[in-house]
Amino acid sequence: MRRVPSSFLKSGMITGSHIYTLDGRILLAKGVELTDGYIDKLVSKGIPFVYIDDDISRDIFISDVILDETRLKAKNHIRKAISNMDSFDYQETKSVVNEIIEQLLSNRDILYDLEDIRSVDDYLFGHSVNVCVLSVIIGISMNYNSEQLENLAVGALLHDIGKGMVPSHILHKAGKLTSDEFEEIKNHSKYSLEILRKNDSISSVSRIIAYQHHERYNREGYPQGLGGKEILDMAQIVGMADVYDAITSDRCYGDAISPNEAYELLAGSGDYYFKYSIVQKFLFKLVLYPTGTMIELSTDEIGIVVKNTLGYPTKPIVRMLYNSDFSPIEPYKEFDLFQFNNITIRRVLSEAEVVKISSSEGK
Ligand SMILES: [Fe+2]
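Going by the working numbering, 651 is the number at position 328 of the sequence shown; the sequence numbering is gapless.
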């Protein structure tokens, strides 16, 4: 399977994964043939992309790092918590985060490769869950114990709960914000602290994570303008996961940047926005070219990423599909770029280019 932006979907394409509504129902199942009607429905729900199985990607598998039902349960929990800030069910928060932690602990070689599909309406909830997942992955690589992981995961899942106190016309304003409105949005981390303080069972560490997740190593953050060691490591982890997820997710405006650009951006943020050692831990778990990405190699050939290797983000296993003149390579060849130092990935192809190449051979 490979990720195809919704604007490039065509009837006849086959879905490669389930697509869920926020309440956990299947909007479109895996293996279904798309029709114009289905595509209109996806676009109207604000689904920015879909995983598709096609000739070039059919036996390429991408799996989520946690189970679908856990992701859905967590999304729903945070939705309920934001709409019921003063008395949300903290026992449920704990049970959801421990489910996430347990699944992530069971696979230490985990790589973050699959993007979850979220509609415009569930962006904040999907984002909160992903920040939690990414933070726990980093926490595990920092050898945190179970209590630390739980505190981290709770702070990460609830980091933006204070957004529920920001007036909705400001939070969802489509146009440019006035400086007063921007200041009000920035208040959300203070609001998160206020809300989490109301519940005695929530640890002070989790509260501080939510309060400090917009602080930056170089003191350019808010609300307190803290710097360096003054910011809790765990708050820096959540801050970094927050930035990574926000810049790589397509919110239907086509404004997402690719994982390889995001990787470079984060790599440059060490001891600037975030502590260098934490940035390094995070980069180790990220992929530059997610499985299913179509790429051009230094040999001018075109291929698709089949698998990534932990620790070697520029050297995935690649299936070579087209020659430099776009004629198909038959049968295709597969290379582990790790074993070919002279071959490098030159660039990622746009979906428009993929359509052009695959249709030029009549597929
Ligand atoms: Fe935030």
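We put the CB at the ideal spot given by N, CA and C, even for glycine. Model, not experiment: these values are computed from the prediction.
Sub-7 Å separation of Val373 and Val327 beta-carbons: One thing to note: Val373 has its Cβ within 7 Å of the Cβ of Val327.
Using alpha carbons as the reference points, say which of Leu332, Asp382, Ile342, Val456 lies closest to Asn615. The question names Asn, yet the displayed sequence has Gly at residue 615. When only C-alpha atoms are compared, the closest one is Asp382.
Tell me whether the beta-carbon of Leu480 lies closer than 7 Å to the beta-carbon of Val566. Going by C-beta atoms, Leu480 is not nearer than 7 Å to Val566.
Cβ of Asp483 versus every heavy atom of ligand 1: is any distance shorter than 6 Å? Yes; taking the cut-off as 6 Å, the Cβ of Asp483 has a heavy atom of ligand 1 nearer than that.
Mapping the DSSP letters down to three states, classify Gly360 as helix, strand or coil. For Gly360, the secondary structure class from DSSP, reduced to helix, strand or coil, is helix.
Please classify Arg539: does DSSP put it in a helix, a strand, or coil? Per DSSP, reduced to three states, the secondary structure at Arg539 is coil, with no helix or strand assignment.
In chain order, what residues of the same chain lie with their CB nearer than 8 Å to the CB of Ala590, ignoring the 5 residues before and after it? Excluding residues up to 5 positions away in sequence, Val602, Leu606 lie with their Cβ nearer than 8 Å to the Cβ of Ala590 in the same chain.
Got a sec, what are the start and stop residues for the alpha helix (DSSP H) Pro582 sits in? Counting along the chain, Pro582 sits inside the alpha helix (DSSP H) bounded by residues 582-590.
How would you write the range of the beta strand (DSSP E) that Val327 sits in, first residue to last? That run of the beta strand (DSSP E) goes 325-328.
Assign Pro636 to one of two classes, buried (16 or more other C-beta atoms within 10 Å of its C-beta) or exposed (fewer than that). Pro636 comes out buried.
Once the 5 residues before and after Gly462 are set aside, which same chain residues still bring their CB inside 8 Å of it? For Gly462, where only same-chain residues beyond five positions count, the Cβ hits under 8 Å are Gln471, Leu472, Leu475, Ala476, Met557, Ile560.
Starting from the Cα of Lys630, find the closest Cα among Phe448, Glu657, Gly354, Ile518 and give me that residue. Comparing Cα-Cα distances from Lys630 to each of Phe448, Glu657, Gly354, Ile518, the minimum goes to Glu657.
With which residues is Arg642 paired in a DSSP beta bridge? BP columns for Arg642 point to Ile627, Glu657.
From Leu457, Glu553, Ser683, Tyr612, residue whose alpha carbon lies closest to that of Leu687: Any property of residue 687 remains undetermined from this structure, which presents the chain solely from 324 to 686.
CA-to-CA distance, Ser650 to Ser682, given in whole angstroms: Approximately 11 Å, taken between the alpha carbons.
Go through its chain and collect everything with a Cβ distance to Arg542's Cβ below 6 Å, but skip five positions before and after it. If we look at Arg542 and ignore the five residues flanking it on each side, its Cβ neighbours are Gly548, Gly550.
Is there contact here, the region 505-520 with the region 437-455, by at least three beta-carbon pairs under 8 Å? No, because fewer than three Cβ pairs between the region 505-520 and the region 437-455 fall closer than 8 Å, the two stretches do not touch.
If you draw a straight line from the alpha carbon of Ala675 to that of Ser330, how long is it in whole angstroms? Those two C-alpha atoms are separated by around 10 Å.
Residue span of the beta strand (DSSP E) that contains Phe305, given as start and end: With the chain running from 324 to 686 in the structure shown, residue 305 is simply not present.
Can you tell me whether Leu350 is helix, strand or coil according to DSSP? Strand at Leu350.
Between which two residues does the alpha helix (DSSP H) containing Ile425 stretch? Per the sequence shown, residue 425 should be read as Glu rather than Ile. Where Glu425 is concerned, the enclosing alpha helix (DSSP H) starts and stops at 413-428.
Reduced DSSP category for Lys686 - H, G, I as helix; E, B as strand; rest coil: Interpretation of Lys686 is limited by its pLDDT of 42, a score under 50 that renders its predicted location unreliable; no figure is taken from the coordinates.
Considering only residues of the same chain and omitting the five flanking positions on each side of Val677, which have a CB-CB separation below 6 Å? Cβ neighbours of Val677 within its own chain (closer than 6 Å, five residues either side excluded): Met617.
Kindly confirm or deny that the region 584-599 and the region 529-541 touch, where touching means at least three C-beta pairs closer than 8 Å. Three or more Cβ pairs drawn from the region 584-599 and the region 529-541 lie within less than 8 Å of each other, which places the two stretches in contact.
Over what stretch of residues does the beta strand (DSSP E) that includes Leu620 continue unbroken? For Leu620, the enclosing beta strand (DSSP E) starts and ends at 617-620.
Taking buried to mean at least 16 other C-beta atoms within 10 Å of its own C-beta, is Ser429 buried or exposed? By the neighbour-count rule (16 or more Cβ atoms within 10 Å), Ser429 is not buried but exposed.
Is the distance from the Cβ of Pro546 to the Cβ of Lys598 below 7 Å? In this structure, Pro546 keeps its C-beta atom at 7 Å or more from the C-beta atom of Lys598.
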